[in-house]
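In our numbering, the protein residues as written are 9 to 423.
Using N, Cα and C, we set each Cβ at its ideal position, and we do this for glycine too.
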Ligand SMILES: *Cc1c(COP(=O)(O)O)cnc(C)c1O
């Protein structure tokens, strides 16, 4: 079984080890295993947002739109595009993931009239299901929910639910609870032969798992920048529309940023050519600037090195779990095969909430997802192998001593 020395040796040999110092560690003792919910703050982001505030806004005032802000979204999109297997002119940074999902789902169903069923699975992120249900209902249809095992979701069951009513298939690439990865290629192929469009949520894959939207034939995608991309709380999300489809789709929130020649100020709306037509209003420049540094660091490290380390980290969690935690009534809530999961591991336990509280007091930050999931996120850019080792060691101690029983199981607002 893994010893702490072996974990330290893996850190010594880690080609990404240097990236850890690129992030702020206010408490160097803290073990942060929640980068899958909110990524750490890159040091560079402090200076960039400072410059965007003081120099660009304070000094440059409105002239900064012309000199630098107007072109910033496209520059950042160009860095993001290779991380998801897209071309720069297929990616737009804007709005939140939920809003982008809404815009693209409406665009897809409008294009697909009279097909008004949206196919999704029971492992999808609830916010996505809320958005999709609203969109389908307005189109006179509904969501068709395929019940899947969250740990071993069946691609076949999803494909078997396709028929001539389905206009759109919308799924999360990596399941937010279990971390299970869906087979994007097979699902895209099946959807295409059923003449349905695909819309992927990449929130838990981008920056952790290589994504190949082009290569797998995806039509549409959305994702957020504040998880593995370390863009900062509420930083703008992104959307992707396959180039060949851009001209055929129109989105429902028509605003001046999506208007052809926006500064002509004509009263009739004419959508811009290309990806710009999926924009609506003014981009939040300060938070976009933060997203830019987070994406830049990820691009610099390279997604294949990030994935290799992510697989090693989560595999170590699973090995240590088998050796030290099984006896305490935990069940593994994630796929055992590293190729089939993203960069977090879920441990299920009836006392999960109290256990997560005890871990936080012991200097380890996981998160909790109702009803019984403790999520351990291993963000490869700043998580060390010894962090994982120490986290499981402390968790074992919490279980052995029964200390988690000192905590209330009444959940507070944010978990
Ligand atoms: C985190 C997350 C989101 C975030 O949505 P916002 O609208 O940006 O708050 C969306 N979808 C999934 C699958 C997520 O994990």
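Within the region 225-308, the beta strand (DSSP E) runs of at least 3 residues that lie entirely inside it are, in chain order, 228-231, 246-249. Rounded to whole angstroms, residue 125 and residue 199 show a C-alpha spacing of 13 Å. Secondary structure at residue 153: strand, using DSSP grouped into helix, strand and coil. Looking from the CA of residue 261, the closest CA among 288, 255, 312, 346 belongs to 288. Beta-carbon to beta-carbon, residue 32 and residue 185 are separated by about 28 Å, too far to satisfy the 8 Å threshold. In the three-state reduction of the DSSP assignment, residue 329 falls in the helix class, which pools H, G and I.
Environment of ligand 1, chain-ordered: 104, 105, 106, 107, 133, 135, 136, 180, 184, 209, 211, 212, 232, 235, 245, taking every residue with Cβ within less than 7 Å of a heavy atom. For the pair residue 296 and residue 86, the Cα-to-Cα distance works out to about 14 Å.
When C-beta atoms of the region 324-336 are compared with those of the region 390-407, three or more pairs fall below 8 Å, so the two segments count as touching. A check of alpha carbon separations from residue 390 across 34, 20, 48 identifies 48 as the nearest. Within the region 25-75, the complete alpha helix (DSSP H) runs of at least 4 residues fall at 51-59. Per DSSP, residue 114 lies in no beta strand (DSSP E) segment; the continuous alpha helix (DSSP H) that holds it begins and ends at 105-119. Secondary structure remark: continuous beta strand (DSSP E) runs of at least 3 residues inside the region 151-192, in chain order: 174-180.
In this structure, residue 231 lies near residue 105, with their beta-carbon atoms less than 8 Å apart. Scanning the region 373-410 from its first residue to its last, the whole beta strand (DSSP E) runs of 3-plus residues come out as 375-377, 381-385. Burial check for residue 379: the Cβ neighbour count within 10 Å stays below 16, so the residue is exposed. Under the three-state reduction of DSSP, residue 101 is assigned to strand. In this structure residue 117 does not touch residue 247 by the C-beta definition: roughly 16 Å separates them, more than the 8 Å allowed. Taking every protein chain shown into account, the CB of residue 271 has fewer than 16 other CB atoms within 10 angstroms, so this residue is exposed.
A straight-line Cα-Cα distance of about 14 Å links residue 84 and residue 215. The beta-bridge partner set that DSSP reports for residue 208 consists of 179, 229. The beta carbons of residue 406 and residue 370 sit closer together than 8 Å. Note on geometry: alpha-carbon atoms of residue 338 and residue 413 lie some 15 Å from one another.
DSSP places residue 129 outside any alpha helix (DSSP H); the residue lies instead in the beta strand (DSSP E), whose first and last residues are 125-129. Taking all protein chains in view, the Cβ of residue 88 is crowded by 16 or more other Cβ atoms within 10 Å, so the residue is classified as buried.
Residue 146: member of the alpha helix (DSSP H) spanning 134-146, first to last residue. Put simply, the backbone Cα of residue 25 is about 29 Å away from that of residue 96.
By the neighbour-count criterion, in which a residue is buried when 16 or more other Cβ atoms sit within 10 angstroms of its Cβ, residue 42 is buried.
Under the three-state reduction of DSSP, residue 221 is assigned to coil, being neither helix nor strand. Note that the C-beta distance between residue 152 and residue 172 is not below 8 Å. Residue 201 carries a helical assignment under DSSP once its states are collapsed to helix, strand and coil. DSSP places residue 80 inside the alpha helix (DSSP H), whose first and last residues are 80-88. Counting along the chain, the unbroken alpha helix (DSSP H) around residue 12 starts and ends at 12-20. A direct Cα-Cα distance of roughly 33 Å separates residue 293 from residue 146.
Within a 10 Å sphere around the beta-carbon of residue 9 sit fewer than 16 other beta-carbons, which makes this residue exposed.
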